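Take a look at the structure below.
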Amino acid sequence: MLITAASMLAALLLVAGAVLLIGRRRIRNG
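Heads up: the sequence shown at position 7 corresponds to -3 in the numbering used here, and the numbers run straight through without jumps.
Below, the structure is given as C-alpha cells:
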C-alpha cells in the first residue's frame, strides 16, 4: 500500500513538474 501510494505521488509530481515546465515555455514564447 505504502509503496503504491509513494509511486503514485511520485508519478503525479513528475507529471505536474513537466506540465509546469511546458506551460512556462509556452508563456515565454507567447
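Glycine residues also receive a C-beta, built at the ideal position from the N, C-alpha and C atoms. Everything numeric in this text was worked out from a predicted model, so none of it was measured.
(request) Could you tell me the distance, in whole angstroms, from the CA atom of M(-2) to the CA atom of R18? (result) 30 Å
(request) Check M(-2) in the structure and name its three-state DSSP category. (result) helix
(request) Report the rounded CA-to-CA distance for A1 versus L10, giving the unit in angstroms. (result) 14 Å
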